[in-house]
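Participant: So the mapping is simple: this note's numbering equals the position in the sequence shown, first residue as 1, plus 15.
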Amino acid sequence: MAEYAAGIYMTTKFLPGHEAEVAPNMLVLIRTDGEFGPASVLKTVGNEHNQWKFGMPGIKLDTGSGSGAWFDSLRKVPHEGFYRLTREFSYGEDGRWVENAIVQLGYTNAGEPILFIAQRRNPLLSNDLWFSDKGVKVSLEDIEGLIEPMSWFQEQPQTN
16 MAEYAAGIYM
26 TTKFLPGHEA
36 EVAPNMLVLI
46 RTDGEFGPAS
56 VLKTVGNEHN
66 QWKFGMPGIK
76 LDTGSGSGAW
86 FDSLRKVPHE
96 GFYRLTREFS
106 YGEDGRWVEN
116 AIVQLGYTNA
126 GEPILFIAQR
136 RNPLLSNDLW
146 FSDKGVKVSL
156 EDIEGLIEPM
166 SWFQEQPQTN
């Protein structure tokens with residue numbers, strides 16, 4: 016029986032039996048909770064605020080279809096979210112972000128990491144950090160050791 020782990024992954028092979036839907040170099044979410052168990056593959060359906068939304072109900076994996084071998088071929092990627100740079104990060108000809116800068120990690124639809132730098136707007140109209148929708152692509156190899164997860168408080172939806 017295959018052991019599935021929930022999370023965001025980049026595919027490296029076609030999903031057997033679903034080759035037209037799940038191909039190599041796609042960002043997918045594996046869910047293992049509730050009705051998604053033992054595991055379901057959810058594909059991206061849209062991106063908002065540099066974070067992917069995944070379509071439901073997904074494609075349910077079963078233990079007898081060779082999906083375990085497919086799952087083992089997936090490449091786990093760090094979760095989208097907010098991080099700090101553990102060292103200075105240089106990019107392009109003269110781009111540079113300083114150590115400890117706050118960044119948001121996102122991905123292309125093909126699972127390529129993108130970093131977005133936190134900024135304060137000028138003029139300062141509210142006490143918010145702003146993240147552009149234009150970021151800097153980095154490789155999965157380069158992202159390792161470059162970022163460290165941060166915690167934040169998620170405000171609850173307002174009810175009337």
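All C-beta atoms in this analysis are idealised placements derived from N, C-alpha and C, irrespective of residue type, glycine included.
Taking DSSP as the reference, what is the three-state secondary structure of residue 51?
Facilitator: Taking the sequence shown and counting its residues from 1, the one referred to as residue 51 is at position 36. Of the three classes helix, strand and coil, the one that applies to residue 51 here is helix, per DSSP.
Participant: Which residues in the same chain have their Cβ closer than 8 Å to the Cβ of residue 161, if we skip the five residues on either side of it in sequence?
Facilitator: Looking up residue 161 in the sequence shown gives position 146. So the qualifying residues of the chain are 100, 101, 102, 104 and 153.
Participant: Here's a check: name, in chain order, each residue in its chain whose Cβ is nearer than 7 Å to the Cβ of residue 49, leaving out the five neighbours to either side.
Facilitator: Taking the first residue of the sequence shown as 1, we reach residue 49 at position 34. Contacts found: none.
Participant: In the DSSP assignment, find the unbroken beta strand (DSSP E) run with residue 163 in it and report its ends.
Facilitator: The residue you call residue 163 lines up with position 148 of the sequence shown. It spans 162-164 - the beta strand (DSSP E) in which residue 163 sits, taken as one unbroken run.
Participant: Looking only at C-alpha atoms, which of 55, 27 and 157 sits nearest to residue 129?
Facilitator: Indexing the sequence shown from 1 puts residue 129 at position 114. Among 55, 27 and 157, the Cα nearest to that of residue 129 is on 157.
Participant: Based on the DSSP secondary-structure assignment, which residues constitute the bridge partners of residue 59?
Facilitator: Within the sequence shown, residue 59 is the residue found at index 44, counting from 1. In DSSP, residue 59 forms a bridge with 69.
Participant: Among 146, 74, 173 and 35, whose alpha-carbon lies nearest the alpha-carbon of residue 98?
Facilitator: Counting from 1 along the sequence shown, the entry for residue 98 is found at position 83. Considering only alpha carbons, the answer is 146.
Participant: In whole angstroms, give me the CA-to-CA distance for residue 139 and residue 168.
Facilitator: Residue 139 sits at position 124 when you count from the first residue of the sequence shown. Residue 168 sits at position 153 when you count from the first residue of the sequence shown. Those two C-alpha atoms are separated by around 22 Å.
Participant: Would you call the region 68-76 and the region 118-136 touching, i.e. three or more CB-CB distances under 8 Å?
Facilitator: As far as the Cβ criterion goes, the region 68-76 does not touch the region 118-136, which means the pair count is below three.
Participant: At what residues does the alpha helix (DSSP H) containing residue 144 begin and finish?
Facilitator: For this step, residue 144 is matched to residue 129 along the sequence shown. First-last for residue 144: undefined, no H or E at that position.
Participant: Return the bridge partner residues of residue 31 from the DSSP annotation.
Facilitator: Here residue 31 refers to the residue found at position 16 of the sequence shown. Note: residue 31 sits in no beta bridge, so no partner.
Participant: Grab the span of the alpha helix (DSSP H) containing residue 155 for me, first residue to last.
Facilitator: By one-based count along the sequence shown, residue 155 stands at place 140. 155-158 is the span of the alpha helix (DSSP H), which, as asked, contains residue 155.
Participant: When burial is assigned at 16 or more other CB atoms within 10 Å of the CB, is residue 119 buried or exposed?
Facilitator: Indexing the sequence shown from 1 puts residue 119 at position 104. That one is buried.
Participant: Quick one, which of 113, 58, 159 and 164 has its alpha-carbon nearest residue 36's?
Facilitator: Counting from 1 along the sequence shown, the entry for residue 36 is found at position 21. The shortest C-alpha separation from residue 36 is found at 58.
Participant: If contacts are defined as beta-carbon pairs under 8 Å, then residue 56 and residue 43 qualify, I think. What distance do you get, rounded to the angstrom?
Facilitator: Walking along the sequence shown from the start, residue 56 turns up at place 41. Walking along the sequence shown from the start, residue 43 turns up at place 28. With a Cβ gap of about 5 Å, residue 56 and residue 43 count as contacting.
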